[in-house]
Structure formats: structure tokens, C-alpha cells
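The C-terminal residue of the sequence shown carries number 243 in the UniProt record's numbering, and the numbering is unbroken. Encoded as C-alpha cells, the structure appears first; notes follow it.
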Amino acid sequence: MMTDEIREMCKPLRLAYVAEVYDQIPFESPEQYLKELFEEEVRLREEAKAERLIKKARFLSSKNIEDFHWDPSILLPDHLTHEDLASLNFIRNIENVVLSGSPGTGKTHLATALGRLACQSGFEVRFFRVSELVEGLEKAWREDKLQSFRNRFAKVDLIILDEMGYIPFSKEGAELLFQCVTDWYEQKSLIITSNLEFSQWNRIFSDPRLTAALVDRIIHHAHLISFTGQSYRVTHALSTKKT
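Rendered as C-alpha cells:
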């Protein structure tokens with residue numbers, strides 16, 4: 001009964017968790033009790049916010065940075081360390097991260113892990129397979145809803161574009177994607193994974209001038225990370241077979 005009364009009093013104060021945890025906090029002094037009670041309220045709010053942001057991001061897996069193996073075949077630029085990347089300063093500085101290398105080498109794992117870490121730090125994130133983003137753009141364009149679609153990114157801090165280069169785009173799709181990247185240029189951070197080097201992006205963008213302009217915008221403020229190892233999935237499968 002007392003908990004119900006406390007819960008009702010908490011509502012106008014927007015204290016979502018106090019009524020659930022007030023009897024779990026040890027009492028040593030009024031100051032200590034209130035401090036720990038409000039700390040728990042803040043912690044639970046941050047956890048709930050992170051869960052909401054992760055759900056909105058629409059990741060395809062639950063990979064975490066703690067589970068990522070920094071293989072020596074992953075080549076970082078000289079100015080960047082693992083710790084720098086995990087600090088997420090590239091988002092605060094509105095910089096991009098480009099992960100390139102063969103399929104199965106861990107690019108999507110790292111992109112997802114950084115995206116989830118960003119959500120846990122309070123950043124708004126969106127995850128897309130590039131082909132699906134282009135399909136969405138083309139659909140919005142046909143239905144005369146393109147501006148509404150682009151407006152969805154207004155408050156987003158980090159956009160992850162996964163698998164750039166796996167599927168070539170139509171001329172219209174390439175131009176629509178270019179428009180988005182132009183919108184985001186120096187306004188949002190991007191993480192892009194690709195199995196192609198920049199010199200090979202003409203395979204997916206039919207217009208060389210558009211390709212050059214797109215690459216220019218992406219790499220202007222970008223950290224380029226190369227995955228030079230063999231496919232984890234293939235290696236793991238072969239190891240299992242040998243065993």
C-alpha cells in the first residue's frame with residue numbers, strides 16, 4: 001500500500017524508478033540515502049534510454065565491443081588506437097570510420113559493436129544494409145515521400161552503412177544515396193563497411209563523377225581501417241571440419 005502511494009507521488013515528479021528501489025537502499029544517513037537513491041534513479045533511466053536507442057537503431061545482431069577480437073590483421077591508421085575508437089570521439093568530432101576488407105573478417109561485428117556502444121552512451125544511431133537503405137529511398141521517391149524519409153535522420157548522430165559494394169545500384173538509387181551522404185556531410189558521423197577499396201566503387205556507382213564526389217565527402221573526415229585477414233566464418237568452418 002505504501003509503495004502505491006509513493007508511486008503516485010513520484011509520477012508528477014517524473015521519478016520513474018524511486019518507488020521500485022527505495023526499500024533496497026541501505027540507510028546510514030539522510031544524505032547518503034538520498035544520494036544513493038537518486039544515483040539509482042539516474043542509472044536505471046540511462047539503462048532504459050540505452051535500450052530504447054538500441055531498439056530504434058535496428059541492429060541485426062547483439063555484438064558488443066567486449067567480444068570483438070582485435071586481430072593483428074586489422075590495420076588501424078597510425079593516429080588511431082583501439083581505445084580511441086571505443087571512446088567514440090569520432091562521433092563527437094563528426095568524423096567517419098570506414099572498415100574495408102574481405103567478407104567475414106569482422107567489419108560488421110565492429111560496426112555493430114561501436115553502434116551499440118554509442119547507444120549506451122546516449123547517441124542516436126541508425127543501422128542499414130546499404131541495399132535496403134537504397135530500396136527505401138527509391139520507394140520514398142516513387143511515393144513522393146523522399147523529404148519525409150530524409151527528415152528521419154535529423155536527430156541522428158551516427159549512421160552505419162553496412163555492406164557497401166555487395167550489390168550495384170541503379171542510377172536513381174546511386175543519386176538518392178549521394179543526396180543523403182551530402183545531407184550528412186559534416187553533420188553526422190558515418191561508419192561504412194565495404195568489401196571494395198575506394199578505387200573499385202565504380203562497380204556499384206555507374207557515374208564516375210558521382211563516385212568521386214561521394215568518396216570525397218566520405219573520406220574527408222574519415223579513419224580508414226583495413227581488415228586484411230581471412231574470413232572468420234570460412235576458417236572456423238574448416239577448423240570444425242578438421243576437428
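For every residue, glycine included, the Cβ atom is placed at its ideal position computed from N, Cα and C.
Proximity of the segment 43-57 to the segment 110-126 meets the contact definition, three or more beta-carbon pairs being nearer than 8 Å.
The secondary-structure analysis by DSSP pairs N96 across a beta bridge with A222. Taking C-beta atoms as the reference points, F178 and L146 fail to come closer than 9 Å. Per DSSP, the unbroken alpha helix (DSSP H) holding E41 starts and ends at 30-57. R45 and S121 have their C-alpha atoms some 12 Å from each other. Assigned with DSSP and collapsed to three states, R14 falls in coil, not helix or strand. Judged by DSSP secondary structure, L190 falls within the beta strand (DSSP E) whose first and last residues are 189-194.
Counting along the chain, R203 sits inside no alpha helix (DSSP H), nor does DSSP assign it H or E at all.
Distance from I94 to S131 at the Cβ level is roughly 26 Å; contact not present, criterion being Cβ atoms closer than 8 Å. The C-beta distance from I191 to V97 rounds to 5 Å, short enough to meet the 8 Å contact threshold. In this structure, the beta-carbon distance from L176 to G115 does not fall below 9 Å.
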